[in-house]
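In my numbering, the protein residues as written are 90 to 335.
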Amino acid sequence: MDNKMNEKNGTLYGIGVGPGDPELITLKSVKILNHVDVIFAAASKKNDYSLAVSIAKSHIPEKTSVKMLSFLMAKDKEETQKVWRDHARTILTELEQGKNAAFVTLGDPLTYSTFAYILRHIQALAPHISVETIPGVTSYQAAAACLNTPLVEGEESLMVVSGVGGGDRLREVSGKPENVVFLKAYRNVEDINAALDETGLFKSCVGVTNCGQENQEIIKDIREFDIKKPNYWTLIIAKQKKENDI
C-alpha cells in the first residue's frame, strides 16, 4: 500500500491507564486521550462498565465517542478467536475512515492485557495500519510501591505469572526465583498458597486487593484468602528472605 493510502488511515493507540489511581496515567496517554476521535475498551457481557474508562474519564473530552467491546470468556478457543477478530474489524472500520482511535486497558497494555489480543488481530488483518503502544504502570509495580517493598535487588530475579491456574507454574520452575508476583490470584488462591508453602522459601507473602483504588486492601497474611475468597483485582507478592534482611 502506498504512502498516500496510508495517510488516509487513522492510528490505533494502545493505552495503559495504570492500576487504579487516575494520577498514575502518563502525560503522554493524557495527551493522546484528548485528541483521538474514538476510544474503545473491553467490557463484560453482563454490562457496559469499564474500570479503565472510569479511571481515564477525567481526561476524555465529552465529544469523544467511547465504545465498549463485549468479551465472552468462552472455553471454545475458536469462538474466542472469532470474538477477537470481530472486535478488531470494528476498530478497523473506524481507522480506515481516517479516525484515530485508542484502546484503553488497565495497567500496561502489553502485560496480561486485552489489548495484546486486539493488536495481534489488527496486525494480521491490516498490517498497513499504524499502531502505537503507550506503556502504563502495572498493578504489581503500584502494589510494591504502596508496600515500600523492592521488587528486585542486585542480581535477583522476578517471576510474574497469572494465578488463574493456581501454583503449578511456580512448581515447574527448578531454580526458584527470589521474587514472585501472582496476578489474578482470585480463582485458585488456595493452590497458590500451597505452592508457596511447598517451596519453604518464601518468607514474605503479601496480598493486595483493588490496588490503587479507593477500596485498596493489604492482606499481610495470605492464608486469610483460604477463608475469605479474594476478588478479581487481587495479586500476591512473594519474596524470599535474604541474609542481610533486618
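We put the beta carbon where it would ideally sit given N, CA and C, even for glycine.
| query | result |
| --- | --- |
| The stretch 231-248 / the stretch 262-269 touching (three or more Cβ pairs under 8 Å) | yes |
| Complete beta strand (DSSP E) runs within the stretch 241-300 (minimum length 3 residues, chain order) | 247-251, 268-272 and 291-298 |
| Backbone CA spacing between Leu240 and Lys309 [nearest angstrom] | 16 Å |
| Cα-Cα separation, Asn92 to Leu184 | Only weak support exists for where Asn92 lies, its pLDDT of 41 falling under 50; the value from the coordinates is given anyway. Cα-Cα distance, rounded: 15 Å. |
| Ile189 and Asp126 closer than 7 Å at C-beta | Correcting the residue type first, residue 189 is Asn in the shown sequence and not Ile. Yes, they are a contact pair. |
| Helix, strand or coil at Val125 according to DSSP, with G and I counted as helix | coil |
| Under 7 Å between C-beta atoms of Leu272 and Leu199 | no |
| Boundaries of the alpha helix (DSSP H) in which Leu199 is found, first to last residue | Premise fails: Leu199 is in no alpha helix (DSSP H) and is neither H nor E. |
| Own chain residues within Cβ distance below 7 Å of Lys97, not counting five before or after | Gly187 |
| Proximal residues to His148 (C-beta, below 6 Å), its chain only, five neighbours per side dropped | Val119 and Leu122 |
| Burial state of Ile307, where buried means 16 or more other Cβ atoms lie within 10 Å | exposed |
| For Glu221: DSSP bridge partner residues | Tyr102 |
| Which of helix, strand or coil DSSP assigns to Ser139 | coil |
| DSSP bridge partner residues for Gln329 (one or two, in chain order) | Phe291 |
| The ligand GDP heavy atom lying under 6 Å from the CB of Gly225 | This structure lacks the ligand GDP, and indeed carries no ligand of any kind. |
| In DSSP terms, what Val155 is bridged to | Ile128 |
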